[in-house]
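Number of protein chains: 2
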Amino acid sequence: MKRRKFVIGAGVSAVAGAASTTIPKPAFSANQRELSMVTSWPKNFPGLGTSASRLGARITKMSGGTLKVNVYPRGSLVKSPDLFSAVADGVADMYHAIEHYWEGNTKALNFFASVPFGLTATEQSAWINFGGGQELWDEIGKVFGVKPFLAGNTGVQMGGWFNKQINTIDDLQGLRIRMPGFGGTVLKRVGAQSITLPSSQIFDAIETGKLDATEWFGPWFDYEFGLHKITKYYYYPGFQEPGTSLSSSINLDVWGSLGRHHREIIETAMAAENDLVLAEFNARNIKALNLMLTNNQVNLRRFPDDVMNAIGNAAGEVVSEAGNSDPMSRKVYRSFLKFRRQSIKWSKISDQAYWNARLLPFSYG
Amino acid sequence: MKRRKFVIGAGVSAVAGAASTTIPKPAFSANQRELSMVTSWPKNFPGLGTSASRLGARITKMSGGTLKVNVYPRGSLVKSPDLFSAVADGVADMYHAIEHYWEGNTKALNFFASVPFGLTATEQSAWINFGGGQELWDEIGKVFGVKPFLAGNTGVQMGGWFNKQINTIDDLQGLRIRMPGFGGTVLKRVGAQSITLPSSQIFDAIETGKLDATEWFGPWFDYEFGLHKITKYYYYPGFQEPGTSLSSSINLDVWGSLGRHHREIIETAMAAENDLVLAEFNARNIKALNLMLTNNQVNLRRFPDDVMNAIGNAAGEVVSEAGNSDPMSRKVYRSFLKFRRQSIKWSKISDQAYWNARLLPFSYG
Numbered sequence: 001m002k003r004r005k006f007v008i009g010a011g012v013s014a015v016a017g018a019a020s021t022t023i024p025k026p027a028f029s030a031n032q033r034e035l036s037m038v039t040s041w042p043k044n045f046p047g048l049g050t051s052a053s054r055l056g057a058r059i060t061k062m063s064g065g066t067l068k069v070n071v072y073p074r075g076s077l078v079k080s081p082d083l084f085s086a087v088a089d090g091v092a093d094m095y096h097a098i099e100h101y102w103e104g105n106t107k108a109l110n111f112f113a114s115v116p117f118g119l120t121a122t123e124q125s126a127w128i129n130f131g132g133g134q135e136l137w138d139e140i141g142k143v144f145g146v147k148p149f150l151a152g153n154t155g156v157q158m159g160g161w162f163n164k165q166i167n168t169i170d171d172l173q174g175l176r177i178r179m180p181g182f183g184g185t186v187l188k189r190v191g192a193q194s195i196t197l198p199s200s201q202i203f204d205a206i207e208t209g210k211l212d213a214t215e216w217f218g219p220w221f222d223y224e225f226g227l228h229k230i231t232k233y234y235y236y237p238g239f240q241e242p243g244t245s246l247s248s249s250i251n252l253d254v255w256g257s258l259g260r261h262h263r264e265i266i267e268t269a270m271a272a273e274n275d276l277v278l279a280e281f282n283a284r285n286i287k288a289l290n291l292m293l294t295n296n297q298v299n300l301r302r303f304p305d306d307v308m309n310a311i312g313n314a315a316g317e318v319v320s321e322a323g324n325s326d327p328m329s330r331k332v333y334r335s336f337l338k339f340r341r342q343s344i345k346w347s348k349i350s351d352q353a354y355w356n357a358r359l360l361p362f363s364y365g
Numbered sequence: 001m002k003r004r005k006f007v008i009g010a011g012v013s014a015v016a017g018a019a020s021t022t023i024p025k026p027a028f029s030a031n032q033r034e035l036s037m038v039t040s041w042p043k044n045f046p047g048l049g050t051s052a053s054r055l056g057a058r059i060t061k062m063s064g065g066t067l068k069v070n071v072y073p074r075g076s077l078v079k080s081p082d083l084f085s086a087v088a089d090g091v092a093d094m095y096h097a098i099e100h101y102w103e104g105n106t107k108a109l110n111f112f113a114s115v116p117f118g119l120t121a122t123e124q125s126a127w128i129n130f131g132g133g134q135e136l137w138d139e140i141g142k143v144f145g146v147k148p149f150l151a152g153n154t155g156v157q158m159g160g161w162f163n164k165q166i167n168t169i170d171d172l173q174g175l176r177i178r179m180p181g182f183g184g185t186v187l188k189r190v191g192a193q194s195i196t197l198p199s200s201q202i203f204d205a206i207e208t209g210k211l212d213a214t215e216w217f218g219p220w221f222d223y224e225f226g227l228h229k230i231t232k233y234y235y236y237p238g239f240q241e242p243g244t245s246l247s248s249s250i251n252l253d254v255w256g257s258l259g260r261h262h263r264e265i266i267e268t269a270m271a272a273e274n275d276l277v278l279a280e281f282n283a284r285n286i287k288a289l290n291l292m293l294t295n296n297q298v299n300l301r302r303f304p305d306d307v308m309n310a311i312g313n314a315a316g317e318v319v320s321e322a323g324n325s326d327p328m329s330r331k332v333y334r335s336f337l338k339f340r341r342q343s344i345k346w347s348k349i350s351d352q353a354y355w356n357a358r359l360l361p362f363s364y365g
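Each protein sequence line maps, in turn, to chains W and X.
Per the UniProt record's numbering, the first sequence starts with residue 1, numbered consecutively.
Per the UniProt record's numbering, the second sequence starts with residue 1, numbered consecutively.
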């Protein structure tokens with residue numbers, strides 16, 4: 001089945017087991033150094049696993065082979081999905097994942113992934129690179145023993161696939177929806193039944209009527225997964241994850257032990273992936289959306305403003321609770337909130353106003 | 001005067017003179033190779049010159065000094081502003097500029113910079129990296145002897161500073177506005193007087209009433225330039241340049257002569273800058289806009305839909321004429337148009353719908 005290709009685990013909760021103890025140690029020599037990179041993705045998983053592989057290959061290639069990165073897909077080197085601890089403890093040298101997987105350490109890490117009604121991909125990159133975000137992230141990293149980097153972004157996700165229409169907030173009452181993370185908590189707060197389910201079981205649960213709705217990613221993945229074949233409505237926008245960052249962190253001792261040019265190579269490869277992953281998601285989402293609209297008559301629907309407004313209030317609460325859960329989270333939350341507040345004024349008159357104007361009925365091409 | 005810092009030339013037309021003939025030849029040795037990078041920017045010009053310097057420094061650093069890039073600001077190594085020819089002819093090894101400066105060679109190059117009502121930064125990156133754009137750009141590059149790369153983006157620019165209100169299309173009749181490139185051609189077509197003026201003369205022309213309006217960049221540069229002090233209205237959106245790409249091209253023979261890891265280093269450094277330049281423009285635009293709104297009570301105004309619609313029709317004509325001006329332009333234009341048409345469907349339900357929902361009056365933070 002084609003959709004199997006698009007089945008990934010549900011983050012930390014999906015796989016259990018202790019870290020393997022038979023890890024090959026990094027090789028040191030005058031001419032070559034090897035780093036192990038553990039990822040949250042199955043081998044060659046589109047957009048995510050392929051980005052991890054490209055990142056590893058790029059670093060290896062740029063260094064002329066003096067810094068070789070060996071990429072280990074999910075479960076292959078470290079059995080536990082807690083790759084953060086594996087890297088912090090030096091069991092592996094780096095990970096490629098999404099920060100909200102490690103929110104058990106501090107909720108602050110959610111802000112370096114994506115939070116409901118938070119920042120989009122380009123805003124996230126602006127905040128982290130030039131708005132004080134990286135400094136705060138480094139501060140958290142120091143506590144745990146890792147050096148973190150932005151390493152990609154999925155862009156705005158979709159609201160999800162629904163078998164019933166959402167016309168008022170009442171339509172969410174009791175709705176059985178699979179939406180992991182903060183998004184699920186938000187929907188629960190407005191009355192839905194948020195159901196936790198590994199991605200491998202989503203398809204059957206929808207088909208057998210155990211689920212009314214499910215979130216996944218966006219047109220690219222959703223189309224391959226086949227969700228358009230078994231649900232009625234495709235809702236937007238994806239308020240729950242407006243631009244989810246991929247991240248890659250390196251054990252802090254390992255980072256400190258690298259030469260200046262190896263550090264520069266790693267840092268640059270990360271920034272390049274941050275650009276390219278978003279570009280790939282956008283290009284392939286565009287293509288898949290057009291295929292779905294042309295070949296499958298997918299019924300696109302926008303969440304009504306009243307519903308978005310109620311969800312927005314709930315999102316504000318959920319994010320605020322996370323942002324006030326410990327001193328580090330509070331610090332990050334304050335920086336994030338200030339940037340978001342100011343950024344809204346700019347997006348309103350830049351991209352957003354531009355896109356609104358571009359939709360006017362003038363003739364072009 | 002502080003604003004002097006923000007004076008740059010007006011592209012190809014601003015400086016005359018032949019390419020210098022006393023160029024140091026690239027050094028070849030077993031351990032070190034030097035490349036000359038000529039840029040369109042004064043030394044340390046914010047966002048643009050600093051990106052060129054960072055790019056050069058990164059390549060040098062990542063290579064451990066085996067590939068040293070020497071950055072030459074505007075006018076310092078090559079006297080002619082036609083850096084494209086200088087690199088194509090091997091007078092310099094690479095340039096850092098904007099493709100529309102070289103539209104004299106083929107109008108197709110405009111599509112790799114920005115065209116009125118065209119693609120935004122993230123759409124541009126998606127088209128070029130994963131939508132067939134790079135292949136077409138490489139095809140053009142081959143004809144002239146250069147290998148081109150995306151190397152940054154300014155994001156959506158502003159519509160400009162005006163001393164009179166634009167409420168209907170009639171208000172543009174006879175308006176004396178400084179807007180270079182396609183934007184100026186578009187405004188001329190709807191009745192404005194498009195005036196060509198080097199950036200060093202804009203300020204005085206506005207103050208003495210010789211100009212009614214001028215385009216510049218966005219809040220970051222505009223605030224430093226001081227345009228808010230001498231004009232009445234700040235109009236958005238910047239239909240004329242919705243996401244202007246910086247680019248960096250390398251002489252094709254030089255590119256071919258580089259080792260695999262040096263090529264990988266250059267390619268990765270370019271992609272990293274594409275992410276970072278946009279992030280810096282966004283972060284600094286956000287900050288400057290908030291300063292202007294708080295301290296200077298700048299009067300922000302949106303072009304009315306009727307005006308945007310009329311300008312959109314004129315933009316459609318201007319871009320179509322350029323896109324049909326030669327066979328290569330036609331090929332690029334067709335690819336661009338298809339991507340734009342499909343991308344509009346995605347932006348409408350992703351970033352645009354998300355940002356519209358984020359503006360609802362819910363409580364957040």
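From the three backbone atoms N, C-alpha and C, an ideal C-beta is built for every residue, glycine too.
query, result
"Beta strand (DSSP E) segments (min. 3 residues) lying fully within the stretch 249-309 of chain W", "299-302"
"Residue-chain proximity (W/Thr21, chain X), Cβ-Cβ < 8 Å", "Unreliable placement is indicated for W/Thr21, whose pLDDT of 43 sits below 50; no coordinate value is reported for it."
"Span separating the alpha-carbon of X/Leu289 from that of X/Met62", "36 Å"
"Residues sharing a beta bridge with X/Gln193, DSSP", "X/Arg176"
"Distance, X/Leu359 Cα to W/Phe149 Cα", "30 Å"
"C-beta neighbour in chain X for W/Glu241, strict 8 Å", "no"
"Between the CA atoms of W/Phe203 and W/Thr122 - distance to the nearest angstrom", "32 Å"
"Bridge partner(s) assigned by DSSP for W/Ser245", "W/Asn153"
"Chain X contact for W/Trp220 (CB, 8 Å cutoff)", "no"
"Residue range of the unbroken alpha helix (DSSP H) whose run includes X/Thr208", "From DSSP, X/Thr208 is part of no alpha helix (DSSP H); its letter is neither H nor E."
"Beta-carbon separation (whole angstroms), X/Tyr223 vs X/Met158, contact threshold 8 Å", "Contact flag wrong, Cβ pair sits at about 11 Å."
"W/Leu300 vs W/Ala151 beta-carbon contact at 8 Å", "no"
"Minimum Cβ-Cβ distance from X/Ser350 to chain W less than 8 Å", "yes"
"Residues near W/Ala18 in its chain [Cβ-Cβ closer than 8 Å; skip 5 each side]", "The predicted position of W/Ala18 is uncertain, since its pLDDT is 38 and thus under 50; a value taken from the coordinates is nonetheless stated next. These residues qualify, in order along the chain: Lys79 and Ser80."
"W/Met62 (DSSP reduced to helix, strand or coil)", "helix"
"Cβ neighbours of X/Phe84 in the same chain (closer than 6 Å, five flanking residues each side left out)", "Trp102"
"Local conformation of W/Arg74 per DSSP, three classes", "coil"
"Selected residue, minimal CA-CA separation from X/Tyr95, among X/Leu35, X/Ala57 and X/Thr106", "X/Leu35"
"Local conformation of X/Glu215 per DSSP, three classes", "coil"
"X/Tyr223 - DSSP class collapsed to helix/strand/coil", "helix"
"X/Arg3 to X/Leu227 span [Cα, whole Å]", "With a pLDDT of only 41 at X/Arg3, under 50, the local geometry of the prediction cannot be trusted, and no value is derived from it."
"Cutoff 8 Å: X/Gly184 Cβ touching any chain W Cβ", "no"
"Complete beta strand (DSSP E) runs within the stretch 122-154 of chain X (minimum length 3 residues, chain order)", "146-153"
"Where the stretch 162-177 of chain W meets chain X: residues whose CB sits under 7 Å from a CB there", "none"
"Nearest-angstrom Cβ-Cβ length linking W/Ala314 and W/Val190, presumed shorter than 8 Å", "5 Å"
"Inter-residue spacing [alpha-carbon to alpha-carbon] between X/Gln124 and X/Ala272", "15 Å"
"Any 3 or more C-beta pairs closer than 8 Å across the stretch 332-348 of chain X and the stretch 133-149 of chain W", "no"
"Whole-angstrom distance between X/Val277 and X/Gly47, CA atom to CA atom", "6 Å"
"Alpha carbon of W/Lys331 to alpha carbon of W/Leu136, nearest angstrom", "8 Å"
"CA-to-CA distance, W/Asn44 to W/Arg74, given in whole angstroms", "11 Å"
"Three-state secondary structure assigned by DSSP to W/Ala108", "helix"
"Sequence-distant residues of its chain with Cβ nearer than 7 Å to W/Gln134 (five each side left out)", "Ile128"
"Enclosing alpha helix (DSSP H) for X/Ser347 [first to last residue]", "Pro327 to Ile349"
"Under the three-state DSSP convention, the category W/Tyr364 falls into", "coil"
"Span of the alpha helix (DSSP H) around W/Leu119", "W/Leu119 -> no alpha helix (DSSP H), and no H or E assigned at all."
"Spatial distance of W/Gly56 from X/Thr120 (CA atoms)", "29 Å"
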